[in-house]
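Inspection log for the structure reproduced underneath, given as structure tokens.
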Amino acid sequence: MGLLETKQRKFIKDLDVLVKITDKGRERVELILRKIENLILTPENHNIPNIVMVKAILDLITDPLEKIFFLNVFSSNKDFDLFLFLDVLGISRADSNIVNIFSGPGEGTSLQQGLPFIVTFSKTSFHGGLKGTTSKLEGWSEKDPAALLIISESCQKQGKLKEAKAYYEFLLSPSTKLTQNHWFIARIGLVQTLRKSGDMEKALELLEETMGMTDNKTFIAYAKQIKAMLYSMEGKFNESMVLYNSSIRSFHFQGFPLMLSIAYNNRGTLFYRMGLLDHALDDWNKALRYAKEAGSEYCEAGILSNLADMYGRRKEFDRALNYLDRGEKITIEAGDMEMCSSIHFNFALVYIMMGDMELALEHYRKSLEVAHPLPPPIEREERKKFMLDYAREFNLPLMENNL
């Protein structure tokens with residue numbers, strides 16, 4: 137009986153250890169699976185025609201050991217030829233499942249992938265001159281990423297943040313066929329949606345993750361200026377400036393006037409927050425010049441709104457109001473109620489400079505209503521502060537409880 141009892145005790149002990157290891161392993165597997173949801177294979181690193189989710193390839197591999205082998209190769213090799221790897225596993229590139237993964241419905245994948253990022257960005261963004269965009273496009277399909285990107289941004293700029301988030305998450309799900317450009321634009325769109333929903337922490341986390349998933353220099357430069365904008369809003373001015381400077385250098389090297397217009401306009405806002413108004417004016421003038429070169433009237437609208445503040449300070453009120461009127465017209469035509477909100481706020485500041493607090497408060501309140509729930513909480517607080525600061529600077533009575 138002594139030997140049996142000893143074996144029984146050892147078996148129970150070994151089983152207990154095994155259960156603990158298994159439970160720990162199960163938790164680890166669940167964590168890995170959550171991370172896999174976001175992993176991608178790219179044309180530049182894996183010799184494939186378009187971007188594809190790692191999970192989609194894993195689903196093709198039936199043998200558990202081969203799945204582990206694939207993940208090991210993926211995690212330990214920055215660059216490898218996916219088709220050669222699949223050949224080793226006996227999976228032909230002519231396999232119907234492979235063809236379906238790399239052929240988006242209704243589009244020539246190789247042609248789409250060949251488009252430069254700036255072209256895709258212009259065709260799927262308000263900055264490219266979209267007119268009268270709404271959350272519904274005639275004839276759009278849930279299998280058309282370009283149309284979905286337009287709808288997503290349109291929802292976002294109308295303050296329909298839940299709808300925008302749902303669209304972006306659908307775009308980024310494993311079932312959606314995306315080019316590399318569409319993937320990046322969707323990720324940045326989701327970053328902006330999270331930021332506008334008031335979740336700055338998640339927005340920055342997703343942005344950092346996105347930057348770590350690509351070597352594309354244009355993507356990284358654009359992501360840097362988005363990160364700079366978020367830091368600027370949080371009051372991290374030095375960190376923001378470093379990122380803006382890096383982004384602007386990259387866009388000069390790449391020769392993208394549209395991107396330079398966006399980056400200079402946003403850096404001008406950073407200078408404005410820092411109280412460096414001459415530097416802000418210089419950047420906004422550069423931004424306007426590049427917007428004209430790029431042919432983006434939409435970009436001009438936001439820049440003119442910023443310049444209106446500068447001309448108001450010079451007491452060139454007619455010019456300031458004309459700039460704001462023009463900007464408002466452009467943004468209403470585009471369907472961008474978020475920028476309309478910003479323009480109403482700048483109207484309020486100009487009217488304070490003109491000594492008309494009644495009109496200033498009217499436009500200030502419109503700025504909080506026209507794109508509700510935008511602006512997000514951090515920007516609402518900033519606007520309130522600017523209203524009080526301007527009222528003091530221009531000797532007008534204004535109490536915080538009036539805002």
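Read in order, the letters of the sequence shown correspond to residues 137 to 539 in this note's numbering.
All C-beta atoms in this analysis are idealised placements derived from N, C-alpha and C, irrespective of residue type, glycine included.
These numbers come from a predicted model, not from an experiment.
Q.
Between which residues of its own chain and D217 is the CB-CB distance below 6 Å, once the five residues before and five after are set aside?
A. N183
Q.
When you compare the region 486-503 with the region 302-321, are there three or more beta-carbon pairs, one atom per stretch, that lie closer than 8 Å?
A. no
Q | Y459 and A470 closer than 7 Å at C-beta | A | no
Q | C-beta contact flag for I479 and E464 at 7 Å | A | yes
Q: Please name the residue in L201, F389, N482 and L366 whose C-alpha comes closest to that of L379.
A: L366
Q) Are there 16 or more other CB atoms within 10 angstroms of the CB of G348, so buried, or fewer, so exposed? A) exposed
Q. Is it buried or exposed for N442, if we count other Cβ within 10 angstroms and need 16 for buried?
A. buried
Q) Which of the three DSSP states, helix, strand or coil, is assigned to V188? A) strand
Q: Count the other C-beta atoms from every protein chain shown that fall within 10 angstroms of the C-beta of V255, then say buried if there are 16 or more, exposed otherwise.
A: The residue in question, V255, is exposed, as its Cβ has fewer than 16 Cβ neighbours within 10 Å.
**Q.** Residues that DSSP places opposite L177 in a beta bridge
**A.** V188
**Q.** Cα-Cα separation, M535 to E474
**A.** If you take the alpha carbons of M535 and E474, they lie about 26 Å apart.
Q: Determine contact between the region 410-418 and the region 384-391, defined as no fewer than three beta-carbon pairs at a distance below 8 Å.
A: no
Q: Could you tell me the distance, in whole angstroms, from the CA atom of N402 to the CA atom of A192?
A: 38 Å
Q | Spatial neighbours of K363 in its chain, beta-carbon cut-off 6 Å, leaving aside the 5 residues before and after | A | Only L343 and L379 meet the Cβ criterion.
Q) Is N213 helix, strand or coil when you go by DSSP? A) Taken through DSSP and simplified to helix, strand or coil, N213 comes out as coil.
(Q) Please return the same chain residues whose Cβ sits closer than 6 Å to the Cβ of L406, not counting the five positions on each side in sequence. (A) S368 and S376
Q.
One question on the structure: do F206 and I197 come within less than 7 Å of each other, judged by their Cβ atoms?
A. yes
**Q.** Exposure of H263, with buried meaning 16 or more beta-carbon neighbours within 10 Å
**A.** buried
(Q) Rounded to whole angstroms, what is the Cα-Cα separation between Y426 and I439? (A) 11 Å
(Q) Taking the alpha-carbon of A423 as reference, which of A484, A399, Q328 and I227 has the nearest alpha-carbon? (A) Closest option to A423, Cα to Cα, is A399.
Q | Buried versus exposed, by CB contacts within 10 Å (16 or more), F285 | A | What sits at residue 285 in the sequence shown is Leu, not Phe. The residue is buried, with at least 16 neighbouring Cβ atoms inside 10 Å.
Q) For the putative contact between K353 and S386, defined by C-beta atoms under 8 Å, what is the C-beta separation to the nearest angstrom? A) Right, the Cβ-Cβ distance comes to about 6 Å (below 8 Å), so this counts as a contact.
Q: Determine the extent of the alpha helix (DSSP H) in which F407 is found, giving its start and end residues.
A: P393 to R409
**Q.** Range covered by the alpha helix (DSSP H) that runs through M349
**A.** It is not in any alpha helix (DSSP H) - M349 carries neither H nor E in the DSSP assignment.
Q: Return the Cβ separation of S397 and A437 in integer angstroms, given the expectation that the two are a contact with Cβ distance under 8 Å.
A: Rounded, the Cβ-Cβ distance is 12 Å, inconsistent with contact.
Q: Just mark V188 as buried or exposed, buried being the case when its beta carbon has 16 or more other beta carbons within 10 Å.
A: buried
Q: With a threshold of 16 other CB atoms inside 10 Å of the CB of R519, please say whether the residue is buried or exposed.
A: Taking all protein chains shown into account, R519 has 16 or more neighbouring C-beta atoms within 10 Å of its C-beta and is therefore buried.
Q | Buried or exposed (CB count within 10 angstroms, at least 16 for buried), D215 | A | Classification for D215: exposed.
Q.
Let me make sure I understand the geometry here. Which of M395, S258, A302 and A300 has the alpha-carbon closest to that of A357?
A. M395
Q) When you compare only the Cα positions, how much space is there between I514 and P200? A) 48 Å
Q) Which residue comes first and which comes last in the alpha helix (DSSP H) that contains P281? A) Run containing P281: P281 to K293, per the alpha helix (DSSP H) assignment.
Q) Which value, in whole angstroms, describes the spacing of the CA atoms of D280 and C435? A) 26 Å
Q: Specify the secondary structure class of N531 as computed by DSSP and reduced to three states.
A: Coil.
Q. In angstroms, rounded to a whole number, what distance separates the CA positions of F219 and I227?
A. Each residue's alpha carbon lies about 9 Å from the other.
Q | Rounded C-alpha distance that separates D525 from P252 | A | 44 Å
**Q.** C-beta contact flag for I488 and F530 at 7 Å
**A.** yes
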